[in-house]
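Visitor: Dropping the structure in here first, questions after.
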Amino acid sequence: MPRPLLLAVDADPESLSRIEAHLQRRFGADFRVRGEQTGAAALAQLEAARDRGDPVATVLAEQWLPDLPGAELLGRVRTMHPDARRALLVPWGAWSDRPTAEAILRAMAMGDINYYVLKPWSELDELFNRTVGEFVHEWSRTVVSALREVIVVAERRAARAHGIRNLLTRNGIPHAFLERGTAAANTALGKIGMLHPDTPSGPVVVWMPALGGKVLLDPSDAEICEAWGIRTELPDEERDFDVLVVGAGPAGLAASVYASSEGLRILTVERESLGGQAGSSSLIRNYLGFSRGLSGAELAQRGYQQAWVFGAHFLLTREVTRVNPFDGRFLAHISDVGEVTAKTVVLATGVAYRRLGIPEIERLTGAGVYYGASVSEAQALGGLQVAVLGGGNSAAQAVLHLARYAAGVRLIVWSKSLGEGMSQYLVDEIESNPGIIVELDSEVVGGGGEAWLQEIVLRRRSTGDQKTVAADALFIMIGAEPHTSWLPPEVVRDERGFVLAGSDVVASGDWPLERAPFPYETSLPGFFAVGDVRSSSVKRVASAVGEGSVVVSQLHQYLAAQRAKAPAGGP
Numbered sequence: 036m037p038r039p040l041l042l043a044v045d046a047d048p049e050s051l052s053r054i055e056a057h058l059q060r061r062f063g064a065d066f067r068v069r070g071e072q073t074g075a076a077a078l079a080q081l082e083a084a085r086d087r088g089d090p091v092a093t094v095l096a097e098q099w100l101p102d103l104p105g106a107e108l109l110g111r112v113r114t115m116h117p118d119a120r121r122a123l124l125v126p127w128g129a130w131s132d133r134p135t136a137e138a139i140l141r142a143m144a145m146g147d148i149n150y151y152v153l154k155p156w157s158e159l160d161e162l163f164n165r166t167v168g169e170f171v172h173e174w175s176r177t178v179v180s181a182l183r184e185v186i187v188v189a190e191r192r193a194a195r196a197h198g199i200r201n202l203l204t205r206n207g208i209p210h211a212f213l214e215r216g217t218a219a220a221n222t223a224l225g226k227i228g229m230l231h232p233d234t235p236s237g238p239v240v241v242w243m244p245a246l247g248g249k250v251l252l253d254p255s256d257a258e259i260c261e262a263w264g265i266r267t268e269l270p271d272e273e274r275d276f277d278v279l280v281v282g283a284g285p286a287g288l289a290a291s292v293y294a295s296s297e298g299l300r301i302l303t304v305e306r307e308s309l310g311g312q313a314g315s316s317s318l319i320r321n322y323l324g325f326s327r328g329l330s331g332a333e334l335a336q337r338g339y340q341q342a343w344v345f346g347a348h349f350l351l352t353r354e355v356t357r358v359n360p361f362d363g364r365f366l367a368h369i370s371d372v373g374e375v376t377a378k379t380v381v382l383a384t385g386v387a388y389r390r391l392g393i394p395e396i397e398r399l400t401g402a403g404v405y406y407g408a409s410v411s412e413a414q415a416l417g418g419l420q421v422a423v424l425g426g427g428n429s430a431a432q433a434v435l436h437l438a439r440y441a442a443g444v445r446l447i448v449w450s451k452s453l454g455e456g457m458s459q460y461l462v463d464e465i466e467s468n469p470g471i472i473v474e475l476d477s478e479v480v481g482g483g484g485e486a487w488l489q490e491i492v493l494r495r496r497s498t499g500d501q502k503t504v505a506a507d508a509l510f511i512m513i514g515a516e517p518h519t520s521w522l523p524p525e526v527v528r529d530e531r532g533f534v535l536a537g538s539d540v541v542a543s544g545d546w547p548l549e550r551a552p553f554p555y556e557t558s559l560p561g562f563f564a565v566g567d568v569r570s571s572s573v574k575r576v577a578s579a580v581g582e583g584s585v586v587v588s589q590l591h592q593y594l595a596a597q598r599a600k601a602p603a604g605g606p
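Spelled out as structure tokens, the structure:
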């Protein structure tokens, strides 16, 4: 692959020279560093790279170029090189300049830039180097290459390939997807001795060059996790814990981090992927401390690594199917693992998207129809027509991510206003993106295709008018339902299945003890519920993380009370 381009655009020759020198010293061995003084010259470089198929990693541009505003230039980069990171170059102190500040805020709101970068002011400016380095790292995670840590080779529209890519993406495993029959796929298969030119189809191949060249054929999720080194089994001697955390979304990960950091023995079980529903978000920009934003998968991976370093135990692709009080503890059964015991339980299973329930749509699940954002599909949808059904923040983030690759993206919203269900910064960015068609007051009532989705039928709710539109993919993100039917009868739920906790349990009349329940304690003492699965919770990532961290102090109080009640010499 040709060396990726790092392009800087600044009308000031002295400033541009300093920027080029920094980039050359830090990145010159692996990247092609180029500086231009005008927008026109920069566009010529970018168009030439596009025509040759050369990768562009990062473009930095001064806002006040003589011929073209930097934000407008970077907006064009978004369509020419959708994976490239884009940032405005800002002099130190310019944050007090109102026109510059307004340009940054407007460009961020419209999605034209990822962030801004302060220009290097000295010959050795490590802040500049670090910021650009972070951009380069983010870009490197998106690169489609014939040699990555994990390579998936499959037919473009193989349903199982979608599931595998989704698993890898949401668990933070760097990988590339190569379509069977392409030159890159043939090269990869040739290296592992599996190239058969006369056979255009075959099993999904998962090759792990970074792990000694392991090769898996049509593997299960558990087999992939085990091959990568993520535990899916427990030895017999590790079956008793202080806390069983059910679910590894933001709430469950936060509980795992804080509980394990405070010395509690933790087992966290996740039936699908790290991050839960939030793990599929392509970009979360309103999470405290991450001003440029981060993906749900990255947030989940960071939480997992933190908890692991503190000694938490994880089981992925496994499901807790039963939990019952037993001899002062809880006895839980985990699919394909068996039984474990725990002194306390933290339920953090979140919610799942409600099914659409249209037979001709449901039969194409995994074949153009997806529940959740499934951002791993974005690059495979280049040049195709895509629809997203949903009106929340996750749907908005999915639309903006897909718009970078697809020929056209249609957002279908039940309500009559985008602002009813999503944050304003997302509304602004969607409304400013010409590649996104918004269908308000609408719903999907039909659709279909042969082996793959080809079209969907929309109905305007207020008038009943219907129309059929082309769609190669439909991402469904409507409503939310808790998965709580498996819980023991002692855990009381509301009419929608969400778990009651704290004062809600008292109000229901189902609290069995004289003491008051802890704020996140359910009607079953020692059994806690946090995050989206809890009735009346705020459905936001930050809220889930907050509840997951706060519940740990309640676990300590409960465990201390249990120890105080235990007879001398008892367990």
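Mind the numbering: the sequence shown is residues 36 to 606 in our numbering, read in order.
Each residue gets a CB set at the ideal place from its N, CA and C atoms; glycine is no exception.
Thinking just about the alpha-carbon of each residue, which of 311, 380, 238 and 243 is nearest to the one in residue 277?
Guide: Reading the sequence shown from its first residue, position 242 is the one you call residue 277. Out of 311, 380, 238 and 243, 380 has the C-alpha closest to the C-alpha of residue 277.
Visitor: Between which two residues does the alpha helix (DSSP H) carrying residue 226 extend?
Guide: Locating residue 226 in the sequence shown gives position 191, where the first residue counts as 1. Run containing residue 226: 218-226, per the alpha helix (DSSP H) assignment.
Visitor: Going by other Cβ atoms of all chains shown within 10 Å of its Cβ, with 16 needed for buried, is residue 98 buried or exposed?
Guide: The residue labelled residue 98 in the question sits at position 63 within the sequence shown. Residue 98 is buried by the Cβ-count criterion.
Visitor: From this set, 290, 478, 113 and 470, which residue's C-alpha is nearest residue 588's C-alpha?
Guide: Here residue 588 corresponds to residue number 553 of the sequence shown, with the count starting at 1. Among 290, 478, 113 and 470, the Cα nearest to that of residue 588 belongs to 290.
Visitor: Judging by CA-CA distance, which residue of 93, 497, 38 and 186 is the nearest neighbour of residue 44?
Guide: Walking along the sequence shown from the start, residue 44 turns up at place 9. Closest by alpha carbon: 93.
Visitor: Out of 127, 64 and 375, state which residue places its alpha-carbon closest to the alpha-carbon of residue 361.
Guide: Residue mapping note: residue 361 aligns to position 326 of the sequence shown, counting from 1. Cα-wise, what sits closest to residue 361 is 375.
Visitor: CB residue 123 to CB residue 138, shorter than 9 Å?
Guide: Working through the sequence shown from its first residue, we reach residue 123 at position 88. Working through the sequence shown from its first residue, we reach residue 138 at position 103. For residue 123 and residue 138, yes; Cβs fall inside 9 Å.
Visitor: In the region 510-552, which residue ranges form an unbroken beta strand (DSSP E) of at least 3 residues, counting only runs that do not cross its ends?
Guide: Runs of the beta strand (DSSP E) inside the region 510-552: none found.
Visitor: Determine, using beta carbons only, whether residue 590 and residue 299 come nearer to each other than 9 Å.
Guide: Numbered from its first residue, the sequence shown carries residue 590 at position 555. Numbered from its first residue, the sequence shown carries residue 299 at position 264. Against a cut-off of 9 Å, the Cβ pair of residue 299 and residue 590 comes out as a contact.
Visitor: Report the rounded CA-to-CA distance for residue 10 versus residue 373, giving the unit in angstroms.
Guide: This structure leaves residue 10 out entirely; the chain is present only between 36 and 606.
Visitor: Assign residue 131 to one of two classes, buried (16 or more other C-beta atoms within 10 Å of its C-beta) or exposed (fewer than that).
Guide: Residue mapping note: residue 131 aligns to position 96 of the sequence shown, counting from 1. Exposed, since its Cβ has fewer than 16 Cβ neighbours within 10 Å.
Visitor: Compute the Euclidean distance between the alpha carbons of residue 241 and residue 220, then round it to the nearest angstrom.
Guide: Here residue 241 refers to the residue found at position 206 when the sequence shown is read from its first residue. Here residue 220 refers to the residue found at position 185 when the sequence shown is read from its first residue. If you take the alpha carbons of residue 241 and residue 220, they lie about 12 Å apart.
Visitor: Just list the beta strand (DSSP E) runs in the region 245-298, keeping only unbroken ones of 3 residues or longer that don't cross its boundaries, in chain order.
Guide: Entirely contained in the region 245-298, the beta strand (DSSP E) runs reaching 3 residues are, in chain order, 249-252 and 275-281.
Visitor: Can you tell me whether DSSP reads residue 238 as helix, strand or coil?
Guide: Against the sequence shown, residue 238 aligns to sequence position 203. Residue state, collapsed to three classes: coil.
Visitor: Would you call the region 533-541 in contact with the region 507-522, where contact means no fewer than 3 C-beta pairs closer than 8 Å?
Guide: Verdict: yes, contact present.
Visitor: I'd like the list of long-range same chain contacts for residue 267, defined as Cβ closer than 7 Å, with 5 residues on each side in sequence excluded.
Guide: Reading the sequence shown from its first residue, position 232 is the one you call residue 267. Correct list, in chain order: 257, 260, 261, 350, 351, 352 and 353.
Visitor: Which residue spans inside the region 50-116 form an unbroken beta strand (DSSP E) run of at least 3?
Guide: Whole beta strand (DSSP E) segments, 3+ residues: 67-71 and 91-97.
Visitor: With contact counted as at least three CB pairs below 8 Å, one residue from each stretch, are the region 201-213 and the region 292-309 in contact?
Guide: With the cut-off at 8 Å, the region 201-213 and the region 292-309 touch.
Visitor: Could you pull the DSSP bridge partners for residue 445 from this structure?
Guide: Translated into positions along the sequence shown, residue 445 becomes position 410. In DSSP, residue 445 forms a bridge with 422 and 472.
Visitor: Can you tell which of 394, 577 and 359 has its C-alpha closest to the C-alpha of residue 524?
Guide: Position 489 of the sequence shown, counted from the first residue, corresponds to residue 524. Cα-wise, what sits closest to residue 524 is 359.
Visitor: Rounded to whole angstroms, what is the Cα-Cα separation between residue 448 and residue 434?
Guide: By 1-based counting over the sequence shown, the position of residue 448 is 413. By 1-based counting over the sequence shown, the position of residue 434 is 399. Roughly 12 Å between the two C-alpha positions.
Visitor: Any contact of the region 78-91 with the region 147-158, i.e. 3+ C-beta pairs under 8 Å?
Guide: Result no; under three Cβ-Cβ pairs closer than 8 Å.
Visitor: Which residues does DSSP list as the beta-bridge partners of residue 375?
Guide: Taking the first residue of the sequence shown as 1, we reach residue 375 at position 340. In DSSP, residue 375 forms a bridge with 367.
Visitor: Considering Cα atoms alone, identify which of 212, 193 and 142 is closest to residue 176.
Guide: As a first step, residue 176 is located in the sequence shown; it is residue number 141 there, counting from the start. Here the closest residue by C-alpha is 212.
Visitor: Taking the beta carbon of residue 275 as the centre, do at least 16 other beta carbons fall within 10 Å, making it buried, or is it exposed?
Guide: As a working mapping, residue 275 is identified with position 240 in the sequence shown. Exposed, since its Cβ has fewer than 16 Cβ neighbours within 10 Å.
Visitor: In this structure, how does DSSP classify residue 465 when only helix, strand and coil are distinguished?
Guide: As a working note, residue 465 is residue 430 in the sequence shown. Three-state result, residue 465: helix.
Visitor: Check whether the Cβ atoms of residue 475 and residue 458 lie closer than 9 Å to each other.
Guide: Walking along the sequence shown from the start, residue 475 turns up at place 440. Walking along the sequence shown from the start, residue 458 turns up at place 423. Not closer than 9 Å, so no.
Visitor: Per DSSP, residue 613 is paired with what?
Guide: Absent from the structure is residue 613, since the part of the chain shown begins at 36 and ends at 606.
Visitor: Determine the direct distance from the alpha carbon of residue 491 to that of residue 480, and round the result to whole angstroms.
Guide: Residue numbering aside, residue 480 sits at position 445 when the sequence shown is read from its first letter. Residue numbering aside, residue 491 sits at position 456 when the sequence shown is read from its first letter. Rounded to the nearest angstrom, the two C-alpha atoms are 8 Å apart.
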